[in-house]
Every structure is written in C-alpha cells, then in structure tokens.
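One structure is given here, and the rest of the page talks about it.
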Amino acid sequence: MARRPRLVTLTTDLGSAYAAQMKAVLYRSVPPGHVVDITHDLVAHRIPEAAFLLERIAPGFPSGTVHVAVVDPGVGGARAGVAVRCSDGTLLVGPDNGLLWPVAQRLGVDAAVRIDPTRLVHGQSPSATFEGRDVFAPAAAHLALGRKLERLGSRVRLTPMPLAAAARRRGQVEGEVVHVDRFGNAITNVPSDWVPEGAVVQVSWGRRRRTLSRVRTYSDLEAGGGGLIGSSFGTLELSWREDSAARRLLLQVGDAVAFHPTARRSGRGSHIRGPTRSAGKTVNIARRR
Amino acid sequence: MARRPRLVTLTTDLGSAYAAQMKAVLYRSVPPGHVVDITHDLVAHRIPEAAFLLERIAPGFPSGTVHVAVVDPGVGGARAGVAVRCSDGTLLVGPDNGLLWPVAQRLGVDAAVRIDPTRLVHGQSPSATFEGRDVFAPAAAHLALGRKLERLGSRVRLTPMPLAAAARRRGQVEGEVVHVDRFGNAITNVPSDWVPEGAVVQVSWGRRRRTLSRVRTYSDLEAGGGGLIGSSFGTLELSWREDSAARRLLLQVGDAVAFHPTARRSGRGSHIRGPTRSAGKTVNIARRR
Amino acid sequence: MARRPRLVTLTTDLGSAYAAQMKAVLYRSVPPGHVVDITHDLVAHRIPEAAFLLERIAPGFPSGTVHVAVVDPGVGGARAGVAVRCSDGTLLVGPDNGLLWPVAQRLGVDAAVRIDPTRLVHGQSPSATFEGRDVFAPAAAHLALGRKLERLGSRVRLTPMPLAAAARRRGQVEGEVVHVDRFGNAITNVPSDWVPEGAVVQVSWGRRRRTLSRVRTYSDLEAGGGGLIGSSFGTLELSWREDSAARRLLLQVGDAVAFHPTARRSGRGSHIRGPTRSAGKTVNIARRR
C-alpha cells in the first residue's frame, strides 16, 4: 500500500481482556501504535449510551480514522455486521444495532456494506460469541491498510436508530439522561444553550422536583450544592460540587427530566456563588440556537 | 539493531499506575507505540486465572511479540524471574510461579533463562516489591530490541504448573470455573464441543444443581434466563441473558462444576428460544473432539 | 520539524471516555503511538494523591517527554493553565493547582508559562468544563512537535503546593498515607530507610494502635498478617498478606500515621516469617538517609 495506515480506535463494553484479543488481530496487520483505546468500560449492553458517546467522541479524531465499536448483546444473532464510509473519509465498523447510527448521521454516510466474513483476509468461521475479534477487527484491519470498503461485502442501508431528542413543550424543556460519567455528572440530551447561564429552573424527574441554578462551571457550584452546567458534550448536565449528582438526585441513564423556568434569577443566597457572566440577560429558555 | 523492534504486551494485576512505571522503563528503549496493554485489571494474586487468560490471548498476537506478565504475590522472594523463547519466536517474561507455564506449553519452549538482574542494561539493584518495573521491563526491552535471550541469564527449566484439566468421568463432564468476565459469564475449562448445541444438561456445583440448555449464542437465551454457551475462549461458559451468571448462580473462579446429560432436548417451553442449529443431532456428550 | 516528536503521557481522574477526547485532539497533530496512558483512574478531585503519583512516575519516562496531568476541580475558574519546561527537558502541562508542583520541584523548573488559549494552533474558545481537551491537549501537541514553550503564553511562577513531609519528632516518625493502591497497600510519605528492616514498631493512627514488623517484601508477611514494607515508591507502606491493609486497618489517604520503635526485634513467633536480611543490624530509627 502506498498510503499511510489509518488509526483504529476501539469503543466497547468488553473490558480490557476481550479488547486485547481485538488488538491481537489488528496488530497482525497494522503497524505499532495504530490502535487507540477510546474505552472498554461502557455500561454493558446499553446501546443508546454508547451511541451517544461515540457520536460525541469519534468526530474529534482525524478524518480517515477507523472507529470500531462493540456493544453487542445480539452477537451471533440476525443483526448484520457493517462497515461505513462517512462523507469526511472516517470509517466505522460494528454491529448494525443502532450503535453506529448517530455518528454516521452526524458525519454523513457515503457508503455502507454488510460485512461478509468469508471475504475477510484469513477469513475463518467466526465464533458465535465474539464477532468483535473474529469479524470487526479483521474488517477494521482491512480498512486501516487502505483497502476498499466495497470488498468487505455488499451495500446495505444502516438500520435507523436515532437517539432520543430533547423537545420544548408547554413552556418547558423535556429531555433525558443519556450518560452518567465517572464523577456522577448526569449528562442530558438537552443542548446547553436551551437554558442560559444565570437562569434558575425547576428540574423535575419521576416524582422528584428541585430548583437549581444554571451556572457556567463546577467551581461556580456552592460547596455541598448542585446545579445545571453546560457539559463538554454540548448538552446540559446535572452536577454536584465534588460529589455525584446521579447519586444525590437518584438519576439514571434513561430517566426523563424536564426543566421549567422560574421568575427567579440566581444571586446572593441562591444556589450559585458569586456573579455569573450572564447575570444581566433576560431568561429566555425558549430561544433557538 | 538492524531488526525492527518487537511489540511488547503487558498483562498484570497491577492497575494502571504501577503498569505505567513499566511503560516508563520500556519507553527508555523501545520506540513509540510498541507497548500494548492487554490488561492491568486481573484479579489480584490469582495466578491460575491469569495463566488461563494469557494462554488464550497471547498466541493471538504476531509471533515474535514479547509478552510480559506480572501476577506475583511472591515478588522479592525465592521464585525466579524468567524469560522464555517459544518455538514460534514469541517471547515471554515474568515470574516463574506458574503464570507463564500454560502459554509456554501451548507454544512450545525453545529456551528459558533465569533473569540475572546484574546483566540487565542499566542494571541496578531491583526493589524487593516491584520486579515488574525493575527486572521484567528491562528484560523485555532487551528482547524487544532483538538482543539475545541467552544474555539475560543462564538456562533454566520452567516450574511446571498445569491448569486444571476437564475430565469425563462416570457419564458426566467435570471441570471448573477458570474466569469470570466483565459481564459475569462464568468461563469453564471444559472444551465447548464436549456438550453439543441443543443438549439439555444438569449442571451441579457445590450443593447446587440446575438444568440448563446448551445454546449457540447469547441471543438464544430466554429473556431473564441462563444457559451454557461455547465461549470465545473455546470452552463452555455459564451465561445469563444480559445479566451476570456468576451472581445469579453464585459461581466463583475455582468452583468445580459438573455437566450431566439429560434425556431431554431443548425445544418449546425449555430454556432456549427458537430453533438451534443442532436440533436434529443426537446428544452425545461423550464424543471426542 | 526536524526533531522527532516527543511522547505525550496522560495522568487524569477523568476515566477513559473523557481521556479519549484528549487523545483525539493530540492525534490530530502527533504521529501514531505517541500518546501513553499513565492512568485515568485517579481518585476524583484528590490533588495531593495525584501529585504524589505524578512526582514518582513521570521522571521514569525519557527526559523530553510531555506529561499532561488533569485533576482539576477548579476547571473553568480562576486557576491558570500552565506549561513547564524542566531542567532535564521534560515538559509538564496542566492546571496550576498544585498538581504539577512536586514533580516540577523534583526535576527543577527551567521556565513556566501561563497558557493563553488564544495562542493555541486551531485555538477556539475553550469549554468551561473541559480544559484538558480544549487547552491542555492542544498545548501538549504544540510541545510534542518541538515548538517553543514561550509561544504558549507569558512567564509565570508556579503556585507552590508542597506535599506533606514526614518528620521525626519526640522519638517517633510522623507521616501520612498519601496513596492507597489497587491491592489496598497504604503508601505513606515516610522514606523507607527511616525504619530499617527487622525493626518492630508500634504504628498509631487516629485512636488505633498496632505493633507491626518492618519486613523486606510481601512474601515475608505471615499468612493472614500485615507489616511495614519499603514500597516501590521509596516510602514505607502498610501491607497485608494477599489482602487489603487499608480495609483491614481502616486507613485512608490523608490519615496521619506515626511509627514508634519498640525494644523488640522481629523473630520466631512475631509477625514476620523467616530470617530478614537486616536481622543483625541495630535498630536505629532516627538515622539520616
């Protein structure tokens, strides 16, 4: 191959020992240093959370990277294994169970194929329980070396599986928790600018309800207090000062949350500390991006 | 050196921060990208489980790879540190406490030496508590750069420490749980084809007993149900549909398990869902591979 | 650039998914294989423990390495982001919150600058919640490619934040637990040679008190027993034979511990097993290194 090999990233719920078996296969073909771990600690079997993270993380890598994702409770069953070439040259490999759909939509699909295991170099009959190693890793190695996507199988359309979308309804914002991070921040699917900094909102989920301020960053939260922050994913998160908001507020991935504006503005005695940058603005929770 | 440097993999129970100290030593000699994490999350001090995983995972890497393994409760004590050249050119480095024995047997031993710390380049008196960093990493760097195994020390025979073997006895299959993975699958040492797909077997362990079907893959398990599956390691595993079999069945590494054939065949109303590929075959639990 | 790119290491409390976003930014500039994970599992927000580990681990890498560290509860707030060139050519990037101070002191500071985000290549307005991705990773990429530190911002002095120091007072040694490792070893800040092998010491912490022997290595501990060992960090650790000393002794990071010499010597019937190398030496707990 004249072209330089591509980077291959791995995003899985497999833990490190199974992921290492994918690296073993990849390193039979790609040069040292070309396999990058995104994570192997995804919550097991939880496709929407993994799809959200992949959609947010993968596009940060150079275009042309091969992203392999494996969260695959249906492994060995009827769902296809697919490889996708995106409009910017990024490549995706994984099960066609919704995991790749959001990132593929974000980057634009140029072509998608159903991987035919018999066409893989050194193709052997894959195990029924670990296509990550036996199908996706060899397919990714093929693509990393610059070989054609179309040689992996015949064209297919990805099965649509959009992430839950936030909505504005009846004067409030409705979304859901899509990820809980290592710190216990509960990340929602609501775009950060739907609730401007300085707003005081009533947050409701299940039968619970709480008034929280929308602040700029973690150090704006009171000691021992919580609030709403624009996360690094571009969406709102519920956070607690050096503690787990998910545990404090009993929030889980999949929980519906609603944000309702109040007449109050954050200030002295409220949940945020010190001045905020948007203290003079009108609260306009319904403005468009 | 004219030869290209070799990949070095790390398989430890050390956690990431101690493993990073091994990487630091390696990267003083080997080029960027040549150190690959297999895992640093092995159950602490549990040599047989680590030996099983190493024996299954390491041979998947290109021959010529240097595999460093550290599960070493006897560090600083009398057990030797060893380096092994296998018949296919694969190299192994670690304590001579049984950890390397199964993979060395599988690949065949060409030569083994007891590592003499005074012969290591930049050799210094190793700490009594971290030979992974002070002995094994420098020895692996030596080998990764293509230098001779024999320069590391004098010839030695590895201490034999075979893994527990499964057996067929009194009309049943007897084995043990050798690994519990991140999903809670309880992987045994019983070759997968000793219990054919479609069989219904009585599984007994400790004072417990349960009838389970041998199915092909996870999606063949009933919602909320468990069964026996041929794992990606080539041995049988006890699995639960999107849940932990180890927790459900109270199984741990080291537990003896027996599989006893029953007259029943899996079908409607049983523990497996839908047709299985082997539905027409005779149950012959005792056939040889 | 004529120079070879430098290795970049990452030491964070972020977990793998956020760390992957830093890798994404880095790999837009640095070649494959040049990003090395030290750890992403640091205890969240605990700056002194992270600073201790960084000070012990980073200097093991080749001089010239770029070490990025992120434990940053004040992200988005007033604390500066800094880049430091050490006397041996090692580079450090992270928040000026004390995290970098100990390693910078150990290696010697040649120059330090406050990172000006507007000077970063492809500089964009950083998020308020993830400067690791938006400021530190681009700054590290700049340095990894051999570009000048001084271009990142103007000179600054690091905020001093020394680690707690052990002391000898009133005939005893006083220190504190600075790290608990994956095995539950409680690592202190007391230099290992302040308590010689073979000594029997009374250890006190909180209202607890226990007599333990100072032994050489883990295998010198009695089955089911604990002791004091010289850790691979060069400081004393409280360890338990194949168990967690932190759990057994209810020790946490930050706990003050004192070691008081006793007239006893370890021997038969005591907490250590077999002869120790220093059995003939006089106990001199107050000798200087």
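Heads up: the sequence lines are chains A, B and C, in that order.
The first sequence runs -4 to 284 under my numbering.
The second sequence runs -4 to 284 under my numbering.
The third sequence runs -4 to 284 under my numbering.
Note that CB positions come from ideal geometry on N, CA and C, so glycine has one too.
Practice problem: Please confirm if Leu2 of chain C has its CB atom under 8 Å from at least one CB of chain B. | Solution: yes
Practice problem: Count the other CB atoms, across all protein chains shown, that sit within 10 Å of the CB of Ser149 of chain B; report buried if there are 16 or more and exposed otherwise. | Solution: exposed
Quiz item: Got a sec? Which residues, its chain only, sit under 6 Å from Ala78 of chain B by beta carbon, not counting five neighbours each side?
Solution: Val88, Val108, Ile110, Ala134, Leu144, Leu147
Exercise. Kindly say whether Tyr22 of chain C, judged by its beta-carbon, lies nearer than 8 Å to any beta-carbon of chain B.
Key: no
Exercise. Answer with buried or exposed for Ser120 of chain C, where buried requires no fewer than 16 other C-beta atoms within 10 angstroms of its C-beta.
Key: exposed
Practice problem: Note the first and the last residue of the continuous alpha helix (DSSP H) segment covering Ser11 of chain B. | Solution: 10 to 22
Quiz item: DSSP three-state call for Arg263 of chain C: helix, strand or coil?
Solution: Here the model assigns Arg263 of chain C a pLDDT of 36, short of 50, so the residue's position is not dependable, and the following value carries that caveat. Three-state result, Arg263 of chain C: coil.
Quiz item: What residue ranges within the region 110 to 148 of chain C form continuous beta strand (DSSP E) runs of no fewer than 3 residues, ordered along the chain?
Solution: none
Exercise. Flag this pair as yes or no: are the beta carbons of Arg(-1) of chain B and Thr60 of chain B separated by less than 8 Å?
Key: no
Exercise. Can you grab the Cα-Cα spacing for the pair Tyr22 of chain B / Val168 of chain C, in whole Å?
Key: 37 Å
Quiz item: Where in the region 46 to 121 of chain A do unbroken runs of the alpha helix (DSSP H), each at least 4 residues long, occur, reported from the N-terminal end onward?
Solution: 96 to 102
Quiz item: So, is the C-beta of Lys143 of chain A closer than 8 Å to a C-beta in chain B?
Solution: no
Quiz item: Along the region 44 to 57 of chain C, what residues have a CB closer than 9 Å to any CB found in chain B?
Solution: Leu48, Arg51, Ile52, Ala53, Pro54, Gly55, Phe56, Pro57
Quiz prompt | Neighbour flag for Asp176 of chain A against chain C, beta carbons, 8 Å | solution = yes
Quiz prompt | C-beta neighbour in chain A for Ala149 of chain C, strict 8 Å | solution = In the sequence as presented, Ala is not what sits at residue 149 of chain C; that position holds Ser. So, not an interface residue.
Quiz item: Using a beta-carbon distance below 8 Å, is Pro121 of chain B in contact with chain A?
Solution: no
Exercise. Could you work out which residues of chain A lie near Ala39 of chain C, taking near to mean beta carbons separated by less than 8 Å?
Key: Arg177, Phe178, Glu237
Quiz item: Just how far apart, CA to CA, sit Leu245 of chain A and Thr206 of chain A?
Solution: 15 Å
Quiz prompt | Positions along the region 67 to 97 of chain A whose CB lies within less than 7 Å of some CB in chain B | solution = Pro68, Gly69, Val70, Gly71, Gly72
Exercise. For chain B, find out if any of its Cβ atoms is closer than 8 Å to the Cβ of Pro27 of chain A; answer yes or no.
Key: yes
Practice problem: Measure how close the beta-carbons of Val63 of chain B and Leu5 of chain B come, nearest whole angstrom, since I'm counting them as under 8 Å. | Solution: 5 Å
Quiz item: Sorted by chain position, which residues of the same chain lie with C-beta nearer than 8 Å to Asp91 of chain A's C-beta, five sequence neighbours on each side aside?
Solution: Arg74, Ala75, Gly76, Val77, Arg109, Val151, Leu153, Thr154
Quiz prompt | Counted within 10 angstroms of its Cβ, other Cβ atoms place Arg51 of chain A as buried (16 or more) or exposed | solution = buried
Quiz item: In terms of alpha-carbon separation, which member of C:Gly10, C:Glu44, C:His29, C:Pro68 lies closest to Leu158 of chain C?
Solution: C:Glu44
Quiz prompt | For Gly229 of chain C, the nearest candidate out of B:Pro27, B:Arg41, B:Ser122, B:His35 (CA to CA) | solution = B:Ser122
Practice problem: Closer than 7 Å by C-beta to Arg242 of chain A: which residues in its own chain qualify, once you throw out the five before and the five after it? Chain order, please. | Solution: Gly179
Practice problem: Give the single residue among A:Gly225, A:Gln247, A:Arg260 whose Cα lies nearest to the Cα of Ala194 of chain A. | Solution: A:Arg260
Quiz prompt | Residue from C:Gly166, C:Arg203, C:Ala218, C:Asp250 whose Cα sits closest to the Cα of Ile182 of chain C | solution = C:Asp250
Quiz item: Which residues of chain C have a Cβ atom closer than 7 Å to the Cβ of Ser227 of chain A, listed in chain order?
Solution: Ser122, Thr124, Phe125, Arg128
Practice problem: State yes or no: is the beta carbon of Tyr13 of chain B nearer than 8 Å to at least one beta carbon in chain A? | Solution: no
Self-check item: Opening and closing residue of the beta strand (DSSP E) in which Leu233 of chain A lies
Solution: 230 to 235
Exercise. Grab me the residues of Arg209 of chain C's own chain with a C-beta within less than 6 Å of its C-beta, minus the 5 sequence neighbours each way, in chain order.
Key: Val190, Glu192, Ala194, Leu223
Exercise. Would you decide whether Ala291 of chain C is buried or exposed? Buried here means 16 or more other CB atoms lie within 10 Å of its CB.
Key: Outside the shown range of chain C, which is -4 to 284, sits residue 291 of chain C, and nothing can be said about it.
Quiz item: For Leu233 of chain B, which option in B:Val20, B:Asn184, B:Gly28 has the closest C-alpha, if you only look at C-alpha atoms?
Solution: B:Asn184
Quiz item: Does the Cβ of Thr124 of chain A have 16 or more other Cβ atoms within 10 Å, making it buried, or fewer, making it exposed?
Solution: buried
Practice problem: Take the Cβ of Thr34 of chain B as the centre, count every other Cβ of all protein chains shown within 10 Å, and call the residue buried at 16 or more, exposed below. | Solution: buried
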